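Per this note's numbering, the very first residue in the sequence shown carries number 17; after that it's consecutive. Backbone N, C-alpha and C fix where the C-beta goes; we use that ideal spot for every residue, glycine too. Quantities reported herein were computed from a predicted structural model and do not represent experimental measurements. Take a look at the structure set out below.
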Amino acid sequence: MCHPYSDSHRRSSAAPSPQALGVSDFHGYLQSGFAEFEPPQPDAMIARRAAIQARIARIDRDAGTVPLIDSFGRKHDYLRISLTERCNLRCRYCMPEEGVPLSPSGNILTNNEVVRLARVFVQHGVNKIRLTGGEPTLRQGLPELIQDLRGLGVKQIGMTSNGIALWRKLPELVQSGLTHLNLSLDTLDPAKFERVTLRRGHDKVLKSLHTALSLYRSPGYAGPHLESVKLNTVLIRHVNDSEIARFLALTRVNPLSVRFIEFMPFAGNQWNADSVVTASELLQRARELVRGGWFEDHPVRDQGEEEEEVVALPREPTDTARTYRIRGFVGTFGFISSMSDDFCKGCNRLRITADGNLKPCLFDQQETPLRELLRSSSPHAEQDLVAAIRRAVDGKFAKHGVPGSTFSSPEDEHDQGTVRDAGAKIGERLARPMILIGESFKLWRNSVVRKLTHREFPLLHVRWNHSSPRSDLTHIDPRTGRARMVDVSSKRVTLRTAIAVGRIIIPKHAYNLITLPPNSDPTPTLRRGKPGKGDVLATAQIAGIMAAKRTSDLIPLCHPLLLDSVNVVLEPEENQGVYSVSVRATVRVRSRTGVEMEALTAAGVALLTVWDMLKAVAGQEMTIEGVYVARKEGGASGLFERSSVRVGNKDGSEAKGSLRQLSSYVGTGVGIGVGIGVVAILSVLSVVYITAERDQTCGNNMLTSGIGVIMLRLSCSGLRKPASGI
17 MCHPYSDSHR
27 RSSAAPSPQA
37 LGVSDFHGYL
47 QSGFAEFEPP
57 QPDAMIARRA
67 AIQARIARID
77 RDAGTVPLID
87 SFGRKHDYLR
97 ISLTERCNLR
107 CRYCMPEEGV
117 PLSPSGNILT
127 NNEVVRLARV
137 FVQHGVNKIR
147 LTGGEPTLRQ
157 GLPELIQDLR
167 GLGVKQIGMT
177 SNGIALWRKL
187 PELVQSGLTH
197 LNLSLDTLDP
207 AKFERVTLRR
217 GHDKVLKSLH
227 TALSLYRSPG
237 YAGPHLESVK
247 LNTVLIRHVN
257 DSEIARFLAL
267 TRVNPLSVRF
277 IEFMPFAGNQ
287 WNADSVVTAS
297 ELLQRARELV
307 RGGWFEDHPV
317 RDQGEEEEEV
327 VALPREPTDT
337 ARTYRIRGFV
347 GTFGFISSMS
357 DDFCKGCNRL
367 RITADGNLKP
377 CLFDQQETPL
387 RELLRSSSPH
397 AEQDLVAAIR
407 RAVDGKFAKH
417 GVPGSTFSSP
427 EDEHDQGTVR
437 DAGAKIGERL
447 ARPMILIGES
457 FKLWRNSVVR
467 KLTHREFPLL
477 HVRWNHSSPR
487 SDLTHIDPRT
497 GRARMVDVSS
507 KRVTLRTAIA
517 VGRIIIPKHA
527 YNLITLPPNS
537 DPTPTLRRGK
547 PGKGDVLATA
557 QIAGIMAAKR
567 TSDLIPLCHP
577 LLLDSVNVVL
587 EPEENQGVYS
597 VSVRATVRVR
607 SRTGVEMEAL
617 TAAGVALLTV
627 WDMLKAVAGQ
637 EMTIEGVYVA
647 RKEGGASGLF
657 ERSSVRVGNK
667 DGSEAKGSLR
677 QLSSYVGTGV
687 GIGVGIGVVA
697 ILSVLSVVYI
707 TAERDQTCGN
717 NMLTSGIGVI
727 MLRLSCSGLR
737 KPASGI
């Protein structure tokens with residue numbers, strides 16, 4: 017008997033390939049459908065044996081099922097598993113052209129670990145599994161993995177793919193147990209495909225779609241087949257929204273569901289509310305296309321005619337898409353409106369990242385690490401694993417991974433304002449980028465949407481400018497009120513970067529000394545004040561680098577880190593008669609915690625070294641100011657970028673506040689020394705930093721200029737007695 021997916025059978029199929037037809041002809045073939053393709057029945061014994069095994073597994077699973085129900089009563093029976101961080105496309109809204117840093121291979125779950133972890137979820141009520149990426153077809157051993165997952169007794173095994181490498185593999189994957197396929201395709205224009213994805217391969221995606229539709233069978237078919245084929249299209253205004261009609265035409269004779277997805281904000285994808293095409297707008301445009309006779313099977317109709325040509329289909333509470341069918345068409349279309357009309361109230365999904373973290377919500381920045389529990393040799397490892405899963409599910413927020421959020425009501429207006437509100441809330445808690453379900457990545461600055469369209473959209477600059485800052489200090493134990501070291505064991509290891517800046521104001525004659533050309537001799541007037549300790553800026557640079565590496569020795573409760581890079585740059589500056597030396601300290605580390613304190617310490621000590629080197633000639637006239645964190649990236653909080661901050665009030669007077677007063681106290685301890693004062697103040701900063709930097713409404717009272725306001729308004733006036741009233 018001929019194997020249903022053998023080469024001889026494929027040659028006998030009436031379905032031509034894209035190469036045989038040409039891409040333009042192939043579009044027409046998609047319009048005509050694949051109804052004539054009918055593969056022969058597979059071996060009856062194989063199909064029956066697989067059905068019996070799946071039924072036995074379901075009985076075993078249901079016998080011990082304890083559902084995963086969150087605090088809002090939502091039952092979670094759908095698990096999405098990312099198999100890889102790799103992708104063979106570079107979609108501009110999804111990832112940078114140069115790609116992203118990948119996790120070490122040892123951090124990625126093995127196939128055996130994926131199956132073991134899935135089994136735990138299946139034992140607690142999960143009956144649908146979807147494999148995602150990256151691009152899951154790049155995973156080694158995919159057919160065997162699907163077969164093992166199917167053996168757990170789940171009702172559905174789905175996969176989401178970009179289709180580039182799928183068409184050759186799909187028959188074997190279906191034979192192994194794949195039942196549902198979602199193909200991602202954002203344009204039917206080959207040239208635009210290359211502009212959006214930065215790769216060729218549009219014809220390969222169409223070939224995969226052709227293969228998928230040929231493997232589709234109606235419910236009740238006995239052998240291995242695809243029960244569902246869907247096309248996912250992310251719509252971006254002025255990029256691909258002009259192709260809505262062409263996508264709808266694909267559903268005329270094909271058993272295909274085209275799903276338009278609202279553009280969603282992820283870290284680094286330059287999301288903007290104006291680029292979102294909402295579900296309500298899409299539905300209106302679809303109805304106008306039908307009424308206008310765009311499709312040949314539907315003549316022009318008056319808007320007042322009662323018969324509705326676009327029919328809404330029944331929707332389950334857990335469905336993510338609102339689905340419609342154009343009357344007389346075989347396929348359907350729908351909208352996944354995460355932004356304008358969310359489906360959070362019926363959410364039944366959980367996500368496992370490629371490196372083994374559990375994400376209860378796609379937008380949630382909090383992840384529960386499961387990999388180490390899975391690899392633990394403890395006899396209680398499985399109980400601990402289940403407990404961790406249940407804690408994560410129980411802590412799932414109502415909506416969009418945002419604390420304090422509530423469900424949308426049917427009466428809510430779903431307009432562009434709703435989209436902006438949702439985007440702003442998500443923007444404060446940006447999750448991993450869409451492509452990267454594993455490791456951190458380098459944020460890129462260029463406007464992604466701007467490259468794709470003639471319009472220039474204003475960017476959504478992500479800043480920690482919260483109206484509701486944290487009410488607790490992470491270094492203080494809420495139970496005892498005593499200081500503690502923050503536990504970072506549950507955080508992911510990511511590439512983290514922090515940049516701190518600052519400056520020291522110096523008199524003109526000191527400025528002239530440090531800007532002399534190499535090997536030149538100062539004038540007799542300056543010779544008397546020549547620094548006696550050597551090259552000022554080079555010494556300060558080395559001091560800053562050394563200080564960054566010793567931060568944990570200086571700041572109580574600060575985690576010791578093995579830094580990957582410390583770069584300290586000092587530049588003399590002159591602006592309208594004000595002479596200064598600016599510092600920019602950049603620190604990078606691959607770790608579970610950030611390096612803001614290391615960057616601040618490097619900048620602060622570098623400036624103090626300049627002070628020490630110049631104090632013999634300018635000790636009465638120098639001021640250190642404006643030391644703050646200018647940029648931070650990496651970790652769950654995403655990108656933090658801060659504009660320059662002035663020290664002092666608009667009238668030129670010094671900024672006042674309790675922390676500045678504290679710096680005055682420190683400054684009075686001349687006998688203790690400037691260095692000890694810095695250490696003490698940095699210690700205070702380490703406790704208040706996380707709260708203060710997120711609450712920029714504190715103005716001059718807290719971190720208006722980072723260490724600059726606290727640390728050292730140490731001019732000579734700061735070294736005299738404190739201001740009156742203290």
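- Between Leu154 and Asn104, the CB-CB gap stays under 8 Å.
- By the Cβ neighbour-count rule, Val643 is buried, with 16 or more other Cβ atoms within 10 Å of its own.
- DSSP places His218 inside the alpha helix (DSSP H), whose first and last residues are His218 to Ser230.
- Distances from the alpha-carbon of Gln636 to those of Asn127, Ile521, Leu570 and Ser568 put Ile521 closest.
- Of all alpha-carbon atoms in His92, Leu389 and Asp410, the one lying nearest the alpha-carbon of Asp400 is that of Leu389.
- At the C-beta level, Val603 and Ala646 stay beyond 8 Å of one another.
- For the 8 Å CB-CB criterion, Leu95 and Val142 form a contact.
- Nearest neighbour of Leu182 by Cα position, chosen from Lys91, Leu229 and His525, turns out to be Leu229.
- Put simply, the backbone Cα of Arg338 is about 5 Å away from that of Phe351.
- Contact annotation: Arg132 and Leu118 have beta-carbon atoms that are not nearer than 8 Å.
- Taking the Cβ atoms as the reference, Ile252 lies roughly 7 Å from Tyr109, within the contact range of under 8 Å.
- The Cβ atoms of Val599 and Ala559 lie no closer than 8 Å to each other.
- Where Arg606 is concerned, the enclosing beta strand (DSSP E) starts and stops at Val594 to Ser607.
- Contact annotation: Met175 and Leu197 have beta-carbon atoms nearer than 8 Å.
- Judged by DSSP in its simplified three-state form, Asn104 adopts coil rather than helix or strand.
- By the neighbour-count criterion, in which a residue is buried when 16 or more other Cβ atoms sit within 10 angstroms of its Cβ, Met501 is exposed.
- Sequence-distant partners of Val584 (beyond 5 residues in either direction) whose C-beta falls short of 6 Å from its own C-beta, in its chain, are Gln557, Gly560, Ile561, Ala601, Ala618 and Ala622.
- Per DSSP, Thr294 lies in no alpha helix (DSSP H) and is assigned neither H nor E.
- In the three-state reduction of the DSSP assignment, Val250 falls in the strand class.
- For Pro83, there is no enclosing beta strand (DSSP E), as DSSP gives it neither H nor E.
- Between Ala207 and Leu624, the alpha-carbon positions lie close to 57 Å from each other.
- Approximately 5 Å separates the beta-carbon atoms of Val138 and Leu168; this is inside 8 Å, confirming the contact.
- Boundaries of the beta strand (DSSP E) harbouring Asn373: Asn373 to Lys375, taken from the DSSP string.
- Judged by beta-carbon spacing, Glu383 lies within the 8 Å limit of Arg508, meaning their Cβ atoms are closer than that value.
- By the Cβ rule, the stretch 401-410 counts as touching the stretch 370-377, because three or more pairs are nearer than 8 Å.
- Within the DSSP secondary-structure output, Tyr644 pairs in a beta bridge with Val517.
- In this structure, DSSP gives Leu570 a helical state, which the three-state scheme calls helix.
- Measuring C-alpha to C-alpha distances from Asn248 to each of Leu231, Glu278, Glu589 and Val255 identifies Glu278 as the nearest.
- Judged by DSSP in its simplified three-state form, Glu612 adopts helix.
- In the DSSP assignment, Ile180 falls outside any beta strand (DSSP E), carrying neither H nor E.
- Put simply, the backbone Cα of Leu189 is about 10 Å away from that of Gly157.
- The beta-bridge partner set that DSSP reports for His92 consists of Leu84.
- Annotation: His575 is outside any beta strand (DSSP E) and is labelled neither H nor E by DSSP.
- Between the beta-carbon of Ile515 and that of Ala634 there is about 27 Å, and that puts the pair past the 8 Å contact cut.
- If only uninterrupted beta strand (DSSP E) runs of at least 3 residues are considered, those enclosed by the stretch 99-170 are 144-148.
- Arg387 has its alpha-carbon roughly 21 Å from the corresponding atom of Lys144.
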